[in-house]
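Scroll down for the structure; my scribbles are underneath it.
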Amino acid sequence: MVLSTAEVMYWSTMFASILSASAGVLDARSKQFDLFGIMIIAFCAALGGGTLRDTLLDRTVFWVADSSYLIFTWFGALATFFLARWIKLSGRWFVVPDAAALGLYTVAGTQAALGVGADMLVASFMGVITGVAGGILRDILLNQDPLVFQGQWYATAAWSGSLLYILLIHNDINIGAAALIAGIFIFLLRLSAIRWNLVLPRYKEK
Amino acid sequence: MVLSTAEVMYWSTMFASILSASAGVLDARSKQFDLFGIMIIAFCAALGGGTLRDTLLDRTVFWVADSSYLIFTWFGALATFFLARWIKLSGRWFVVPDAAALGLYTVAGTQAALGVGADMLVASFMGVITGVAGGILRDILLNQDPLVFQGQWYATAAWSGSLLYILLIHNDINIGAAALIAGIFIFLLRLSAIRWNLVLPRYKEK
Amino acid sequence: MVLSTAEVMYWSTMFASILSASAGVLDARSKQFDLFGIMIIAFCAALGGGTLRDTLLDRTVFWVADSSYLIFTWFGALATFFLARWIKLSGRWFVVPDAAALGLYTVAGTQAALGVGADMLVASFMGVITGVAGGILRDILLNQDPLVFQGQWYATAAWSGSLLYILLIHNDINIGAAALIAGIFIFLLRLSAIRWNLVLPRYKEK
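Residue numbers (the working numbering), protein chains in the order written: chain A, 109 to 314; chain B, 109 to 314; chain C, 109 to 314.
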């Protein structure tokens, strides 16, 4: 049996939803929200970026069309909620999976935007939104400054990768190959940024 | 003259808009926002949940289609704003009406989602969003942790009730009866949760 | 060569995007966000109100249809980001352009809403949303109470002007003339409010 690119991305995204939800729950640990709060934080972290993208592009919201996303997300959230009572979970376990999810979400978001005819700038920005807006929504609910506005290249990795994806597609590279190359590029760039502490310049005044 | 289920729900929702707006204004009391701030807080508290639901389901936003919702909401907000200068208003007066509004909004939201073909999980979640997202938006504007993530069963009451509603509908109960039963169920569950301090488990680490 | 009203408004809005983006960057100065954070704050400040309006009215989001808005906005943001390192920028330079942008955005938003058949109340509120919601989104990201809920008439100027615009249109005044009159009215009312410290009453309890 051979899976198509679309199928591989579909199942990877389901898997990424579990991990992103789980990471979102850990990010909220200090607030000690109740189970419903945890489910909403996980929902925002895992599905918020794609939701915003679909709303802005006037597409059917992906989890409204296919509620499996909700099931996987909340499975990840509940598992984390209960596991945290028994074993010590570390946010560091999620660094690598999170970089992979960033690559996946960003490429999927860029594809979705190109699919409805968005131009290059809009499509790359939609990729970034898909990859990072969930974390911004999570931080808004947690009442803290968005982490993505301050740390090592995160949005930067996403944006470079979405532009790379578009460039490859414009050069008639096969969609599956382009997705793989751009996704791995984002993954490696994000991990390199963490490893060598690569950051964007911050706002500074004379 | 006999009112249809739809008419009863329509007028109840208008009435609920006044009360939710008024409660939203009191929730914001410590910020001493100006009259415009009060109107926006009331708008979010009373109409925010339904607005988010309609946006996610790609339905026409209900108050864009029928601006009476804005009129009733702002009537409630302005009345509260001016009354507060003359008499001592208590947030406790709103506990019972708020539980009734939760039942009403949740059932209306679940109905709306079923109406556009959402499946059971999505429809019940849309009911919850309709019932609680307004309060979350209010708390975001007030720059405080969402109350609904920490108190006595609120979203829990809404979610149980929306699932009950869907169950009743699937068993061919008449829509009006199902709405009444589910709405009263939410109302009573919420009041019981307050009376006996029923809360969800909170996030806790080993 | 004679420009049509639509063309004048189009180019004025592009120009206003630069200025609003720049002002948004200065509003965020104390946070010292990185370059990506600056771009998102500028995006919210300059384009957030119109984005919310288009989402609520189920129109195609304006910058998705025409990505020039993104280019002008981010040009303004980047220019401010780099200039701030060389020269001392003052928020006061933006008071007058900001009042002009408020007039422009509000009138454009009211027009857009009337164009899809919104009634008077909804259309005037959409004008206000277009004019002020960007600033509210910026304040949510900056984790601070919305400035527009406390200062001198801002939303008030916008709302009066959008109602004036609708009144003029209903009395068969030419669209271009109505836009100009209402825009200037908002501009002058906002500047007067600053000059004579005109504020709305704030919430106060007995």
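For each residue, glycine too, the CB sits at the ideal point set by N, CA and C.
Query - Spatial distance of A301(B) from A266(B) (CA atoms) - result: The sequence position of residue 301(B) within the second sequence is 193, counting from 1. The sequence position of residue 266(B) within the second sequence is 158, counting from 1. Spanning the two alpha carbons is a distance of roughly 12 angstroms.
Query raised in the report: When we look at the beta-carbon of F190(A) and count the other beta-carbons within 10 Å, is it buried (16 or more) or exposed?
Result: The sequence position of residue 190(A) within the first sequence is 82, counting from 1. Residue environment for F190(A): exposed (fewer than 16 other C-beta atoms within 10 angstroms of its C-beta).
Query raised in the report: Does the count of Cβ pairs from the region 228–239 of chain B and the region 257–272 of chain B closer than 8 angstroms reach three?
Result: These segments touch.
Query - Neighbour flag for E313(C) against chain B, beta carbons, 8 angstroms - result: As a position in the third sequence, residue 313(C) is number 205, starting the count at 1. Taking a beta-carbon distance threshold of 8 angstroms, E313(C) counts as an interface residue toward chain B.
Query - alpha helix (DSSP H) segment containing A114(B), residue limits - result: Within the second sequence, residue 114(B) is the residue found at index 6, counting from 1. Segment 113–135, the alpha helix (DSSP H) holding A114(B).
Requested in this report: Use the C-beta contact count for A231(B): other C-beta atoms within 10 angstroms, 16 or more gives buried, fewer gives exposed.
Outcome: Counting from one through the second sequence, the residue named residue 231(B) turns up at place 123. Counting the other CB atoms within 10 Å of its CB gives A231(B) a total of 16 or more, which places it among the buried residues.
**Report entry** Amino acids of chain A, ordered along the chain, whose beta-carbon sits closer than 7 angstroms to that of F180(B)
**Finding:** The residue you call residue 180(B) lines up with position 72 of the second sequence. Neighbours of F180(B) on chain A: none; closest Cβ ~27 angstroms, over 7 angstroms.
Query raised in the report: How close, in whole Å, do the beta carbons of L165(C) and A226(C) come, if the pair is a contact with beta carbons under 8 angstroms?
Result: Along the third sequence, read from residue 1 onward, the residue named residue 165(C) stands at position 57. Along the third sequence, read from residue 1 onward, the residue named residue 226(C) stands at position 118. Between A226(C) and L165(C) the Cβ distance is about 7 angstroms, and since that is below 8 angstroms, they are a contact.
Report task. Check the Cβ-Cβ distances between Q252(C) and every residue of chain A, and say whether any is below 8 angstroms. Result -> For the purposes of this step, residue 252(C) is taken as residue 144 along the third sequence, with counting starting at 1. Not closer than 8 angstroms to any Cβ of chain A, the Cβ of Q252(C) fails to qualify, so no.
Report task. Determine, using beta-carbon pairs with one atom in the region 141–158 of chain B and one in the region 241–250 of chain B, whether at least three such pairs fall under 8 angstroms. Result -> Contact holds between the region 141–158 of chain B and the region 241–250 of chain B, because three or more Cβ pairs, one in each stretch, are under 8 angstroms apart.
**Report entry** Completely contained beta strand (DSSP E) runs for the region 178–255 of chain C, where each covers 3 or more residues
**Finding:** List check, beta strand (DSSP E) in window: nothing returned.
**Report entry** Sub-8 angstroms separation of R137(A) and E115(B) beta-carbons
**Finding:** Reading the first sequence from its first residue, position 29 is the one you call residue 137(A). Reading the second sequence from its first residue, position 7 is the one you call residue 115(B). No, the Cβ-Cβ distance between R137(A) and E115(B) is not below 8 angstroms.
Report task. Could you name the residues of the same chain whose beta carbon sits closer than 7 angstroms to that of A286(A), not counting the 5 residues immediately before and after it, in chain order? Result -> In the first sequence, residue 286(A) corresponds to position 178, counting from 1. In its chain, beyond the 5 residues on either side, Y273, L276, I277 have a beta carbon closer than 7 angstroms to the beta carbon of A286(A).
**Report entry** Residue environment, I195(C), which counts as buried when at least 16 other CB atoms sit within 10 Å
**Finding:** Taking the first residue of the third sequence as position 1, residue 195(C) is located at position 87. Label assigned to I195(C): exposed.
Query raised in the report: Can you find a CB in chain C that lies within less than 8 angstroms of the CB of T264(A)?
Result: Counting from 1 along the first sequence, the entry for residue 264(A) is found at position 156. For T264(A), the nearest beta carbon of chain C is closer than 8 angstroms to its own beta carbon.
Query raised in the report: On the three-state DSSP scale, how would you describe V172(B)?
Result: Counted from its first residue, the second sequence places residue 172(B) at position 64. In the structure shown, V172(B) sits in a helix (DSSP, three-state: H, G or I).
Requested in this report: Take G259(A) as the anchor and find which of W171(A), L178(A), W304(A) has the nearest alpha-carbon.
Outcome: As a first step, residue 259(A) is located in the first sequence; it is residue number 151 there, counting from the start. When only C-alpha atoms are compared, the closest one is W304(A).
Query raised in the report: In chain A, which residues lie with their C-beta within 9 angstroms of the C-beta of A226(B)?
Result: Within the second sequence, residue 226(B) is the residue found at index 118, counting from 1. Ordered by position in chain A, the residues that pass the 9 angstroms Cβ test against A226(B) are V172, S175.
Requested in this report: Would you kindly check if the distance between the Cβ of D206(C) and the Cβ of A131(C) is under 8 angstroms?
Outcome: Along the third sequence, read from residue 1 onward, the residue named residue 131(C) stands at position 23. Along the third sequence, read from residue 1 onward, the residue named residue 206(C) stands at position 98. It is a contact, given that the beta carbons lie within the stated cut-off.
Query raised in the report: When the distance is taken between beta carbons, is F293(C) closer than 8 angstroms to D142(B)?
Result: Here residue 142(B) refers to the residue found at position 34 when the second sequence is read from its first residue. Here residue 293(C) refers to the residue found at position 185 when the third sequence is read from its first residue. No; because the gap between Cβ atoms is not below 8 angstroms, this pair is not in contact.
Report task. Using a threshold of 8 angstroms, state whether the C-beta atoms of Q140(C) and R310(A) are closer than that. Result -> The sequence position of residue 140(C) within the third sequence is 32, counting from 1. The sequence position of residue 310(A) within the first sequence is 202, counting from 1. A contact, by the Cβ cut-off of 8 angstroms.
Query - Cβ neighbours of I283(B) in the same chain (closer than 8 angstroms, five flanking residues each side left out) - result: Mapped onto the second sequence, residue 283(B) falls at position 175. Short of 8 angstroms from the beta carbon of I283(B), and not among the five residues preceding or following it, lie these beta carbons of its own chain, in chain order: T113, Q219, I277.
Query raised in the report: So is F141(C) in contact with chain B if we call contact Cβ pairs under 8 angstroms?
Result: As a working note, residue 141(C) is residue 33 in the third sequence. Among the CB atoms of chain B, none fall inside 8 angstroms of the CB of F141(C).
Query raised in the report: So, are the CB atoms of G145(A) and Y213(A) less than 8 angstroms apart?
Result: Translated into the one-based positions of the first sequence, residue 145(A) becomes position 37. Translated into the one-based positions of the first sequence, residue 213(A) becomes position 105. Judged by beta-carbon spacing, Y213(A) lies beyond the 8 angstroms limit of G145(A), meaning their Cβ atoms are not closer than that value.
Query raised in the report: Taking G211(C) as the reference, which of L197(C), T121(C), L222(C), V133(C) has the closest Cα?
Result: As a working note, residue 211(C) is residue 103 in the third sequence. Minimum Cα distance to G211(C) is reached at T121(C).
Query raised in the report: From the beta carbon of T159(A), is the nearest beta carbon of chain C less than 8 angstroms away?
Result: The residue labelled residue 159(A) in the question sits at position 51 within the first sequence. Among the residues facing chain C, T159(A) is not included, as its CB has no counterpart in that chain under 8 angstroms away.
Query raised in the report: Taking C-beta to C-beta, are G184(B) and A129(B) nearer than 8 angstroms?
Result: Looking up residue 184(B) in the second sequence gives position 76. Looking up residue 129(B) in the second sequence gives position 21. Going by C-beta atoms, G184(B) is nearer than 8 angstroms to A129(B).
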